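Accompanying notes for the structure given below.
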Ligand code: FPP
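Numbering (the working numbering), first residue to last: 658 to 920.
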């Protein structure tokens, strides 16, 4: 216990306590229908930093801390899956320093947060083309996966080197291979089976998509899976996004009615 506390102090780990207010809010939300899966486009790190005269990477660092808080918030509420758009296939076009920094964050997150994720019974996954990531980044992700693979609580997925169109093309190629090798009968292919070839395999489709920082776009994120999701946008930049705002998104979700095209 002492060692854990010392380690947390050493890495500058700030434990924000759950307030009575958020506990009450959780209880209220739990009485309504909770989204099973929440997906988030974490936008605005760069602008958050620039506004403060800081390098863009400072925004990503702060964004990582928001990930910690929102993961706790989702877990405390009892959501099944949380998926975070962490690096898109288009993000390689950013300056090399920024890409290198983003690629170092999984290792840092592993150092600072693995213990708590394990304690909380959270399972960590990755969605995306892992094979193109630097070796050290992939190793950190694999350590997360290995250490949490038997956990049965919240499924926390990082979309890293992820692009939805490339995910669909990849799935299509695999389906063609399986049909050609006789593993799959073409006539048995339907929407549900197609979904099994995507990175999200067995995850429920997101009920709610959140995007921060004022942009109102999907940006090649989970195009197949978001077909019926409720979309929720906020002007708040990701580093400033809080547990309370996350709960606000869930509360708004509960007020919306979802009809899947029916009346
Ligand atoms: C978008 O903000 C954010 C990203 C491209 C990266 C998000 C990554 C994290 C928050 C950390 C990932 C951490 C782990 C552990 C994988 P932006 O830079 O596009 O902001 P801007 O639109 O204001 O420029």
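Each residue gets a CB set at the ideal place from its N, CA and C atoms; glycine is no exception.
Only a predicted model underlies this, so the values are computations on that prediction, with no experimental measurement involved.
For residue i, which residues in the same chain have their Cβ closer than 7 angstroms to its Cβ, ignoring the five residues on either side in sequence?
i	result
residue 682	904
residue 875	883
residue 778	808, 809 and 810
residue 733	675 and 683
residue 770	725
If you reduce the DSSP assignment to three classes, tell me which class residue i lands in.
i	result
residue 804	helix
residue 758	helix
residue 884	coil
residue 744	strand
residue 696	strand
residue 819	strand
residue 866	strand
residue 683	helix
residue 812	strand
residue 831	helix
residue 690	coil
residue 768	helix
Am I right that residue i and residue j are in contact with their C-beta atoms under 8 angstroms? What's the rounded C-beta distance?
i	j	result
residue 763	residue 797	4 angstroms
residue 742	residue 783	Their Cβ separation, rounded to whole angstroms, is 12 angstroms, which puts residue 742 and residue 783 out of contact at 8 angstroms.
residue 801	residue 767	6 angstroms
Might you give, ordered along the chain, the residues of its own chain that have their beta carbon closer than 8 angstroms to the beta carbon of residue i, omitting 5 neighbours on each side?
i	result
residue 902	891 and 893
residue 794	760, 761, 763, 764 and 817
residue 910	692, 864, 865, 887 and 889
Give every residue of the same chain whose Cβ lies closer than 6 angstroms to the Cβ of residue i, excluding the five residues on either side of it in the sequence, and list them in chain order.
i	result
residue 867	697, 889 and 906
residue 898	723 and 869
residue 836	843
residue 727	903
residue 831	854
residue 861	693 and 694
Do residue i and residue j have their C-beta atoms within less than 7 angstroms of each other?
i	j	result
residue 738	residue 785	no
residue 834	residue 855	no
residue 821	residue 878	yes
residue 729	residue 864	no
residue 748	residue 895	no
residue 695	residue 736	yes
residue 705	residue 716	yes
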